[in-house]
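From first to last, the protein sequence lines are chains A and B. Going by the working numbering, the first sequence runs without a break in its numbering and finishes at 478. Going by the working numbering, the second sequence runs without a break in its numbering and finishes at 956. See structure below.
There are 2 protein chains.
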Amino acid sequence: MADKKKMVEAITAMEEDFTKWYTDVVKKAELADYSGVRGCMIVRPYGTALWENIRNDLDARFKALGHENIMMPLFIPESLLQREKDHVEGFAPEVAWVTHGGEEKLQERLCVRPTSETVFCEHYADIIHSYRDLPKLYNQWCSVVRWEKTTRPFLRTMEFYWQEGHTMHETAEEAWAETEQMLNVYADFCEQSLAIPVVKGRKTDKEKFAGAEATYTIEAMMHDGKALQSGTSHYFGDGFAKAFDIQFTGRDNKLQYPHQTSWGMSTRIIGAIIMTHGDDNGLVLPPRVAPTQVVIVPIAMHKEGVLDKATELYERLKSTVRVKLDASDNSPGWKFAEYEMKGVPLRLEIGPKDIENNQCVVVRRDTREKTVVSLDELETVLPALLDAVHDGLYQKALARRESMTYDAHNFEEIKDIADNKPGLIRAMWCGDLECEMRLKDEVGITSRCMPFEQEELDEVCVCCGKKAKKMVYWGKAY
Amino acid sequence: MADKKKMVEAITAMEEDFTKWYTDVVKKAELADYSGVRGCMIVRPYGTALWENIRNDLDARFKALGHENIMMPLFIPESLLQREKDHVEGFAPEVAWVTHGGEEKLQERLCVRPTSETVFCEHYADIIHSYRDLPKLYNQWCSVVRWEKTTRPFLRTMEFYWQEGHTMHETAEEAWAETEQMLNVYADFCEQSLAIPVVKGRKTDKEKFAGAEATYTIEAMMHDGKALQSGTSHYFGDGFAKAFDIQFTGRDNKLQYPHQTSWGMSTRIIGAIIMTHGDDNGLVLPPRVAPTQVVIVPIAMHKEGVLDKATELYERLKSTVRVKLDASDNSPGWKFAEYEMKGVPLRLEIGPKDIENNQCVVVRRDTREKTVVSLDELETVLPALLDAVHDGLYQKALARRESMTYDAHNFEEIKDIADNKPGLIRAMWCGDLECEMRLKDEVGITSRCMPFEQEELDEVCVCCGKKAKKMVYWGKAY
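Here it is in structure tokens:
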């Protein structure tokens, strides 16, 4: 095998083949790779560092609201999974079954958790006895497994990483408030940390989580106009509590069932980052979660003083931004392309001329805009530029979503838009499953959500012409 | 069910039944609970917070040395596990097998990872081509599964949490240096962060990791004199590289095999913390990883100004130490017992008299020593007291280990000590498996390690009288 010096290769253009562009970015930016197990990905160091930043940010938001982390078993006995009817129907067809431990055949099969409502409920039955034990605000970070037919890195994998919050409350009101609060945490996180605008709303009954009374969702629009469900928060009522016999003595000294929520965000969100901000040069990372925020590229590195100065800047800036110095013997041009591919928000170039003038050149990844910055002002200018990149990414994504969202007033119109214009469609709905199914089968779109911010576009359903109940976002989705 | 107000119940005394004492502490301090799956524990929020502090501390040490985190698949195909002979023999008897995905029977069984050498090697074969690609310094935080017959929380569970580092190096020397470096990281972490003194050494061939050329270990002594292997670091040479066909072009332009290490520390270390520092009042946590370092207990809370002052202190101290305020309506006595059970290093009592005198009382968990502290000096006194607790715990554990370590010079002596004195035994060994087996079968002790700090206690083996090669620590172990 020849000594292959790594080169930055071109990727497929978005316009040409969006799916291939996506896979190219995942591979060439070294976010993830395929493993020997179908549908299971290797999240490489760069992808893992990104996920760790996402996790730490979300985790701090959860903890600030009083949530505690817990670590639950990976396995769920078959009988436990079966305890709640809708839940088992939703998940049993797509779980991995452990049947043997060592040489020994198990008396009862264990599934690898596809989600953990059942094990949380079993534990809650043990530890919740009085209203004094409530609320329980638990969360866990783990991987879960769902036996998917077709998979794509981050978007749909057999094993994926996520957090799952599971909470128990004294009253239904409290549980509803928690469901809404956690959806807002996800929405704020997407907008403030990932620069991804989202629509908040409620899923239709057809699209809600198996076993939930209501599912709230945030929906983001990708570059190709498709929607991506980016986080969900479920209200369970007391259905699971009844199935698992979780009861507590209330303030009135009577036995009652607690009210439950669960909520999750997964490594899918990395897919959303890629498809919201990326371009034909590769990844574009939102600064607040980027593993490297600023990469220093020395110019004419062999010239005296350049590497010293670059190293001095690196040491100085370490406490202000997440900075990396590339002092490898690759050419500056190679490095430019490499860190564009990896989506590093800012590039700082420093060469002999710059040093003479006590300055450097800072280039934005998103707009390629260059700024000459005095070396004395880096501690204020770099954070400001990172904020500017964040705002720019957010505004660009929002403008795209707005320009690719259409209103439809009748069946012909919705079919015409769905066939010809990628994007989201707003239209009125009567609330019947029949119309939802017809739009799926004949138009090829599904209900993304009933947005919290409702408008009455028409008085009647886009599909059947009967009285409309809700405005719905419809679209194609990942 | 009556409204059960939680009470702090007494635990079994150590002297009476050490095993039961251990289980009581795990349960009553709310570190972990049993789950519905045999041998799988629920790590409760207090235990999870402790593990998170351990993880963050270790993770920072790894990253400071250039290691990167990665997330590898949970499943290993059977054929991949079989690629390295010694490795599969060591692990195949104790893995969980997935045979079905949904309704479908798998063509090839997948095991739930018991450790990940094989999947790392498969990935390394894909990404290592040139000496420029080396070293690879990867680590992952995850859970692994081993089908154990008998289990105990933290000490031996079917599913346990750990980190596993897997590195590849250009030369054998570099890999040996990494093996030793990572053992030192573990030893430093145990001593500096957990206040647990350890013996560093090398495992005998019988006790080394399946597939390794050498296993380094740190061994700690528990309260009952038994040893606990607290972290291991393995040198693999190029055995796995050959089995997995990992080759790179060297500086000499010739194809060669890289040299490999792996190293791990697990939730077992929580068992070590419990059994090193705990006492008859419960857990005693080393301050640097304790989820709560200082608990504020208001005295005569109903009196005017007490709760306000306690809250003010809490807000003030939050940025200096990990502090908790217990303003519940339980009695101060109940709270004292509760936080002693949970091993919180310092208790800060504040009542009306204290407020009058601008002071408070701080009580150490380890010695119960009380100090009256001016409220103006808390920012300096509390960190100093936490350091004093750390040092005290370390010195106490070291003194115990020294007083319970014995030298044996012949077979009779070693049998007598093993039968009558709990602790570690230092004795010379000829290096033959036969003697090691005899000590196991007839004396009931195993070799813990050949310490790096060797002494020649005698010229001959304690067992057979032939020329001795190594001084070995022998003992009973968890």
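Every residue, glycine too, gets a C-beta built ideally from N, C-alpha and C.
Within-8 Å CB hit, B:VAL938 to chain A
Numbered from its first residue, the second sequence carries residue 938 of chain B at position 460. Not one chain A Cβ lies under 8 Å of B:VAL938.
Touching by the beta-carbon criterion (3+ pairs, under 8 Å), the region 576 to 586 of chain B and the region 614 to 632 of chain B:
no
Taking only beta carbons into account, state which residues of the region 253 to 265 of chain A come closer than 8 Å to chain B, listed in chain order.
ASN253 and LEU255
Here's the rule I'm using: 16 or more other beta-carbon atoms within 10 Å means buried, otherwise exposed. How should B:HIS565 be labelled?
Locating residue 565 of chain B in the second sequence gives position 87, where the first residue counts as 1. The residue in question, B:HIS565, is buried, as its Cβ has 16 or more Cβ neighbours within 10 Å.
Compute the distance between the beta-carbons of A:VAL373 and A:VAL362, then report whether it is under 8 Å.
For the purposes of this step, residue 373 of chain A is taken as residue 373 along the first sequence, with counting starting at 1. For the purposes of this step, residue 362 of chain A is taken as residue 362 along the first sequence, with counting starting at 1. Yes, they are a contact pair.
Comparing the C-beta of A:MET1 with each C-beta of chain B, is any distance below 8 Å?
Along the first sequence, read from residue 1 onward, the residue named residue 1 of chain A stands at position 1. With a pLDDT of only 34 at A:MET1, under 50, the local geometry of the prediction cannot be trusted, and the value read off the model is given with reservation. It does: the Cβ of A:MET1 has a partner Cβ on chain B nearer than 8 Å.
Tell me the DSSP secondary structure of A:MET301 in three-state form.
Position 301 of the first sequence, counting from 1, holds the residue named residue 301 of chain A. Three-state DSSP puts A:MET301 in coil, outside helix and strand.
For B:ASN534, is the classification buried or exposed, using 16 other Cβ atoms within 10 angstroms of its Cβ as the cut-off for buried?
Counting from 1 along the second sequence, the entry for residue 534 of chain B is found at position 56. The residue is exposed, with fewer than 16 neighbouring Cβ atoms inside 10 Å.
Rounded straight-line distance, which links the Cα of A:VAL185 to that of A:THR204:
Indexing the first sequence from 1 puts residue 204 of chain A at position 204. Indexing the first sequence from 1 puts residue 185 of chain A at position 185. Near 21 Å, if we compare the C-alpha coordinates of A:VAL185 and A:THR204.
Would you mind reading off the limits of the beta strand (DSSP E) that contains A:HIS259?
Within the first sequence, the letter at position 259 stands for residue 259 of chain A. Start and end: 259 to 266.
Is it buried or exposed, A:LYS5, if we count other Cβ atoms within 10 angstroms and call 16 or more buried?
The residue you call residue 5 of chain A lines up with position 5 of the first sequence. Reliability of the predicted coordinates at A:LYS5 is poor, the pLDDT of 42 falling under 50, and no value is obtained from them.
CA-to-CA distance, B:PRO551 to B:GLU957, given in whole angstroms:
Nothing can be reported for residue 957 of chain B: it is not among the residues displayed for chain B, which extend from 479 to 956.
Report, in whole angstroms, the separation of the C-beta atoms of B:GLN738 and B:GLN725, which I expect to be a contact under 8 Å.
Numbered from its first residue, the second sequence carries residue 738 of chain B at position 260. Numbered from its first residue, the second sequence carries residue 725 of chain B at position 247. With 8 Å as the limit, B:GLN738 and B:GLN725 do not qualify as a contact, their Cβ atoms being about 13 Å apart.
Whole angstroms are fine: how far does the CA of A:ILE54 sit from the CA of A:GLY475?
Within the first sequence, residue 475 of chain A is the residue found at index 475, counting from 1. Within the first sequence, residue 54 of chain A is the residue found at index 54, counting from 1. Going by the C-alpha atoms only, they are around 27 Å apart.
Minimum Cβ-Cβ distance from B:SER513 to chain A less than 8 Å
What you label residue 513 of chain B is simply residue 35 of the second sequence in a count that begins at 1. So, interface residue.
Please give the ranges of any alpha helix (DSSP H) in the region 536 to 564 of chain B, keeping only runs that are unbroken, at least 4 residues long and fully inside the region.
556 to 559
Where do the N-terminal and C-terminal ends of the alpha helix (DSSP H) with A:ASP419 fall, by residue?
The residue given as residue 419 of chain A occupies position 419 in the first sequence. From DSSP, the alpha helix (DSSP H) with A:ASP419 extends over 411 to 420.
Which residues, taken in chain order from the region 71 to 87 of chain A, show a beta carbon closer than 7 Å to some beta carbon of chain B?
MET71, MET72, PRO73, LEU74, PHE75, PRO77 and LEU80
Report all residues from its chain with a CB closer than 8 Å to the CB of A:ARG400; omit the five preceding and five following residues, and keep chain order.
Here residue 400 of chain A corresponds to residue number 400 of the first sequence, with the count starting at 1. Answer for A:ARG400: MET221 and HIS223, listed in chain order.
A:ARG132 by DSSP, collapsed to three states: which one?
By one-based count along the first sequence, residue 132 of chain A stands at place 132. Looking at A:ARG132 - three-state DSSP - the assignment turns out to be helix.
What separation, rounded to the nearest whole angstrom, lies between the Cα atoms of A:LEU81 and A:ALA92?
As a first step, residue 81 of chain A is located in the first sequence; it is residue number 81 there, counting from the start. As a first step, residue 92 of chain A is located in the first sequence; it is residue number 92 there, counting from the start. The alpha-carbon atoms of A:LEU81 and A:ALA92 are separated by roughly 8 Å.
Using CA atoms only, rank isn't needed, just tell me which of A:VAL344, A:TYR314, A:PHE336 and A:VAL306 is closest to A:ILE355.
Position 355 of the first sequence, counted from the first residue, corresponds to residue 355 of chain A. Closest by alpha carbon: A:VAL306.
Can you check whether the C-beta of B:SER797 is within less than 8 Å of a C-beta belonging to chain A?
Counting from one through the second sequence, the residue named residue 797 of chain B turns up at place 319. Taking Cβ atoms only, chain A never reaches closer than 8 Å to B:SER797, which makes this a no.
Could you check where the beta strand (DSSP E) with B:ARG926 kicks off and where it finishes?
Within the second sequence, residue 926 of chain B is the residue found at index 448, counting from 1. B:ARG926 -> beta strand (DSSP E) spans 924 to 929.
Report the rounded CA-to-CA distance for A:LYS208 versus A:ARG347, giving the unit in angstroms.
Along the first sequence, one-based indexing puts residue 208 of chain A at 208. Along the first sequence, one-based indexing puts residue 347 of chain A at 347. Distance between the alpha carbons of A:LYS208 and A:ARG347 is about 44 Å.
Below-8 Å beta-carbon distance, B:PRO900 vs any chain A residue
The residue given as residue 900 of chain B occupies position 422 in the second sequence. Answer no: the Cβ-Cβ gap between B:PRO900 and chain A never drops below 8 Å.
The region 565 to 579 of chain B: which residues have C-beta closer than 9 Å to a C-beta of chain A, in chain order?
ALA570, PRO571, GLU572, VAL573, ALA574, TRP575, VAL576, THR577, HIS578 and GLY579
Would you list the residues sitting across from B:ALA473 in a DSSP beta bridge?
No statement about residue 473 of chain B is possible, as the shown extent of chain B runs from 479 to 956 and does not include it.
Mind checking B:LYS813: buried by the 16 CB within 10 Å criterion, or exposed?
Taking the second sequence and counting its residues from 1, one reaches residue 813 of chain B at position 335. That one is buried.
Residue burial classification, A:MET428 (beta-carbon count within 10 angstroms, cutoff 16)
Start at 1 with the first residue of the first sequence, and residue 428 of chain A comes out as number 428. Buried, because 16 or more other Cβ atoms sit within 10 Å of the Cβ of A:MET428.
Using CA atoms only, rank isn't needed, just tell me which of B:VAL504, B:ARG624 and B:LYS498 is closest to B:VAL762.
Walking along the second sequence from the start, residue 762 of chain B turns up at place 284. The residue with the shortest Cα to Cα distance from B:VAL762 is B:VAL504.
Residues from the region 228 to 247 of chain A in contact with chain B, defined by Cβ distance under 8 Å
GLN247
Starting from the C-beta of A:GLU148, find all residues in its chain whose C-beta is less than 8 Å away, skip the five residues before and the five after it, and write them out in chain order.
Residue numbering aside, residue 148 of chain A sits at position 148 when the first sequence is read from its first letter. These residues qualify, in order along the chain: GLY39, GLU94, ARG156, THR157 and MET158.
Extent of the continuous alpha helix (DSSP H) run through B:TRP499
Position 21 of the second sequence, counted from the first residue, corresponds to residue 499 of chain B. Its alpha helix (DSSP H) spans residues 496 to 506.
Among A:ASP188, A:LYS254 and A:ALA195, which one has its Cα closest to the Cα of A:HIS129?
Looking up residue 129 of chain A in the first sequence gives position 129. Residue A:LYS254 is the option with its Cα nearest to A:HIS129.
Neighbourhood of B:GLY821 by C-beta, 8 Å cutoff - its chain only, sequence neighbours within 5 removed
Working through the second sequence from its first residue, we reach residue 821 of chain B at position 343. These residues qualify, in order along the chain: ALA507, HIS755, GLY756, GLY760, LEU761, VAL762, LEU763, ALA768 and ARG843.
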